[in-house]
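J.:
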Amino acid sequence: MSADLLGDETDNRLDPEVAASAFPDIEGVDGADEKFPEIPATGEASASPVVAAPLEDTPKDDIQQFESSFPALEEPEVSTGPEISTPSFVQSDFIQQTPSNQGIAAPLFSARTSTDPEPEPVREWREKRAKEIAERDTEAEKEKDEIKLKAERAIDSFYKDYNERKEKNIAKNKEDEQEFLNKRTDALASGTTWERICDLLDIDNVGNKQLARKDLGRFKEVLTGLRKQGERAPGAGGY
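First residue of the sequence shown: 1, per UniProt numbering; consecutive thereafter.
(1) If contacts are defined as beta-carbon pairs under 8 Å, then TRP194 and LEU216 qualify, I think. What distance do you get, rounded to the angstrom?
(2) Considering GLY230, what are the terminal residues of the alpha helix (DSSP H) in which it resides?
(3) Roughly how many whole angstroms lie between the Cα atoms of GLU127 and ALA140?
(4) Can you tell which of ALA236, ASN173, ASP137 and GLU124 has the C-alpha that lies nearest to the C-alpha of LEU188?
(5) When you compare the CB positions of GLU231 and THR192, do they come within less than 9 Å of one another, or not?
(6) Suppose you measure from the CA of GLY43 to the CA of ASP62; what does that come to, to the nearest Å?
(7) Where in the segment 104-170 do unbroken runs of the alpha helix (DSSP H), each at least 4 residues long, occur, reported from the N-terminal end onward?
(8) Does the separation of the CB atoms of LYS220 and ILE203 fall below 9 Å?
(9) Which residue marks the beginning of the alpha helix (DSSP H) containing THR193, and which one marks its end?
(10) Would you identify the three-state DSSP class for ASP176, choosing helix, strand or coil?
(11) In this structure, does DSSP put ALA236 in helix, strand or coil?
(12) For a test of the three-state rule: what should DSSP assign to PHE219, helix, strand or coil?
(13) Between LEU223 and LEU201, is the Cβ-Cβ spacing less than 9 Å?
(14) Rounded to whole angstroms, what is the Cα-Cα separation between GLU179 and ASP156?
(15) Who are the near neighbours of residue 241 in its chain, counting only those whose CB is closer than 6 Å to its CB and skipping five residues on each side?
And the structure:
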């Protein structure tokens with residue numbers, strides 16, 4: 001059965017050259033161009049092919065300008081000069097004054113150990129500063145006590161003067177009151193009621209402006225007549 005499908009070994013139909021000769025090239029056949037004429041393309045296919053413009057060589061000046069404008073990220077390390085040593089006491093103050101923050105890197109200077117001796121000028125400066133502060137505190141406390149004492153004395157003096165003037169005014173008012181009562185008692189004890197009325201109105205004074213404003217001649221005559229009658233006048237005994 002396999003021989004029927006694959007053919008006989010002597011069969012030339014399986015030879016490629018024999019098969020190719022059975023189908024000749026179209027271009028080689030006469031009249032092939034006439035049988036299959038070229039069909040013109042329409043639409044987008046009819047557009048002329050785009051030819052890319054040749055790239056011009058970039059000048060070296062432009063490249064250098066670009067490199068100068070955008071330098072490389074990896075810069076060579078720049079030398080910062082020789083390291084400067086710092087005294088140990090300055091290192092300690094610097095570390096103490098630096099606020100604690102986890103985002104800050106570790107200090108560049110190591111703290112001064114307790115075994116390092118403090119320089120003599122620094123020690124003298126600290127002692128002098130502590131002495132000046134103590135003196136200023138003492139002076140300020142002294143001034144505070146003096147101001148407080150002056151204020152207390154001023155308050156005591158004010159109240160003392162106030163009390164003295166108060167006592168004087170009270171005594172004077174009492175004297176004036178007693179004098180008024182004595183005068184009133186003496187006035188009531190002397191003469192009759194009409195005599196006291198005439199003395200109060202001062203009718204004997206010719207220059208009295210109050211009596212001169214109106215015609216009070218008749219009123220004066222009545223009062224004068226009652227006064228002359230003495231104890232016999234009606235109402236002379238008072239109340």
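From the three backbone atoms N, C-alpha and C, an ideal C-beta is built for every residue, glycine too.
T.: Per the coordinate set shown:
(1) With a Cβ gap of about 16 Å, TRP194 and LEU216 do not count as contacting.
(2) Run containing GLY230: none; DSSP gives neither H nor E here.
(3) 20 Å
(4) ALA236
(5) yes
(6) In this predicted model, GLY43 has a pLDDT of only 49, less than 50, meaning its place in the structure is not dependable; the value taken from the coordinates is given anyway. C-alpha separation (whole angstroms): 43 Å.
(7) none
(8) yes
(9) 193-201
(10) helix
(11) coil
(12) helix
(13) yes
(14) 35 Å
(15) Only positions 1 to 239 of the chain appear in the structure, and residue 241 is not among them; the question remains open.
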